[in-house]
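Novice: Numbering (the numbering used here), first residue to last: 20 to 251.
Note that beta-carbon positions come from the ideal geometry of N, C-alpha and C, so glycine has one too.
Here it is, the structure, as structure tokens.
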Amino acid sequence: MRVDGALKLVIFDCDGVLVDGEHLSTAKMAEEARNHGWNLSNEEAHRIFTGGELVKIGERIGRETGKTMPENWDMMMQDRIVKMMETEAETIDGAHQMLEEVHALGLPIRIGSNSSGAEMDAKFSSTGLDSLIEEERIHSGRDLDMPKPRPDLYLHAAELEGVGPEHCIVLEDSDTGAEAARRAGMACVLLRDLSKPAPSWPGLIRIGHLSEFPEVLRKILAAQSGGSKQAA
């Protein structure tokens with residue numbers, strides 16, 4: 020995957036990229052699974068549920084336990100997660116500075132996450148990231164019924180920006196999100212400890228810390244600028 024056109028939009032996932040909320044959320048889901056009879060550790064829940072939809076997670080808990088989950092289980096869990104994020108959410112190390120550097124490069128940003136809008140509002144306001152992210156540029160796969168790994172959410176964000184997928188780059192941390200970017204035809208950078216496994220798609224860029232991401236963008240912009248000068 021690579022930026023085939025001029026880079027015009029950066030799209031960020033939320034959990035695991037900007038906000039360290041995934042471990043909190045999956046721990047809450049693990050607790051719920053145990054309450055229903057599935058002896059699931061927090062670590063196992065994080066591996067299984069990261070990047071997933073609440074509806075499908077509830078279905079999985081029901082299958083594993085043989086119990087019928089409440090019809091509105093996903094909404095109840097959503098409310099509990101939002102409450103938790105209002106006080107417990109923390110940023111991924113370096114998120115504020117990284118966003119400031121991306122802004123300084125003159126690149127517009129959008130957020131595309133499977134989290135609900137209410138959950139992201141709680142996360143961004145409690146961490147102060149709302150000062151760097153405009154509300155109208157935050158897009159929820161849950162609220163829009165465009166969950167990843169479907170590409171719809173990222174394509175929706177690009178359409179609102181008025182650019183094609185070839186002009187976009189996505190920063191993700193999960194295989195689910197990276198798959199959504201791949202299906203959308205967008206370049207993707209994966210934020211993940213380099214000692215951990217990752218998809219081996221051609222062109223997928225890997226970084227181990229957010230501080231590396233602005234330099235990736237600078238190199239892309241510099242290469243494109245050089246190409247433009249040569250063409251001229």
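Only counting the same chain, and skipping five residues up and downstream in sequence, which positions put a Cβ closer than 8 angstroms to that of residue 124?
Specialist: Closer than 8 angstroms at the Cβ level, and outside the excluded window around residue 124, lie 233, 236, 237, 240.
Novice: Could you spell out the range, first to last residue, of the alpha helix (DSSP H) harbouring residue 115?
Specialist: Here the alpha helix (DSSP H) through residue 115 covers 114–123.
Novice: Roughly how many angstroms lie between the CA atoms of residue 93 and residue 115, to the nearest whole one?
Specialist: Computed Cα separation, rounded: 31 angstroms.
Novice: Decide if residue 57 is buried, meaning its Cβ has at least 16 other Cβ atoms within 10 Å, or exposed.
Specialist: Buried, since its Cβ has 16 or more Cβ neighbours within 10 Å.
Novice: Taking the alpha-carbon of residue 66 as reference, which of 167, 229, 215, 54 has the nearest alpha-carbon?
Specialist: Taking only the C-alpha atoms, the option nearest residue 66 is 215.
Novice: In this structure, how does DSSP classify residue 87 when only helix, strand and coil are distinguished?
Specialist: If DSSP states are grouped into helix, strand and coil, residue 87 belongs with coil.
Novice: Could you tell me the distance, in whole angstroms, from the CA atom of residue 118 to the CA atom of residue 151?
Specialist: Rounded to whole angstroms, residue 118 to residue 151 spans 7 angstroms at the Cα level.
Novice: Compute every distance between the C-beta of residue 239 and the non-hydrogen atoms of the ligand FMN, then say whether any falls below 8 angstroms.
Specialist: Among the components of this structure there are no ligands whatsoever, and the ligand FMN is therefore not found.
Novice: Quick check on residue 250: does DSSP put it in helix, strand or coil?
Specialist: Only weak support exists for where residue 250 lies, its pLDDT of 45 falling under 50; the coordinates are left without a value.
Novice: Comparing C-alpha positions only, which one of 98, 201, 147 sits nearest to residue 113?
Specialist: Nearest of 98, 201, 147 to residue 113, Cα basis: 147.
Novice: Let's see if you can read the secondary structure: which residues bound the alpha helix (DSSP H) around residue 29?
Specialist: Segment 28–31 is the beta strand (DSSP E) holding residue 29; no alpha helix (DSSP H) there.
Novice: Any contact of the segment 47–57 with the segment 214–231, i.e. 3+ C-beta pairs under 8 angstroms?
Specialist: Counting Cβ pairs under 8 angstroms, fewer than three are found: no touch.
Novice: Rounded to whole angstroms, what is the Cα-Cα separation between residue 47 and residue 109?
Specialist: Answer to the nearest angstrom: the Cα atoms are 16 angstroms apart.
Novice: Cα separation between residue 100 and residue 71?
Specialist: Whole-angstrom Cα-Cα distance: 14 angstroms.
Novice: In terms of alpha-carbon separation, which member of 219, 42, 198 lies closest to residue 34?
Specialist: Among 219, 42, 198, the Cα nearest to that of residue 34 is on 42.
Novice: Roughly how many angstroms separate the alpha carbons of residue 144 and residue 137, rounded to a whole number?
Specialist: Cα-Cα distance, rounded: 11 angstroms.
Novice: Any idea if residue 107 is buried or exposed, counting beta-carbon neighbours within 10 angstroms, 16 or more meaning buried?
Specialist: It is exposed - the Cβ of residue 107 has fewer than 16 other Cβ atoms within 10 Å.
Novice: Mind checking residue 193: buried by the 16 CB within 10 Å criterion, or exposed?
Specialist: Classification for residue 193: buried.
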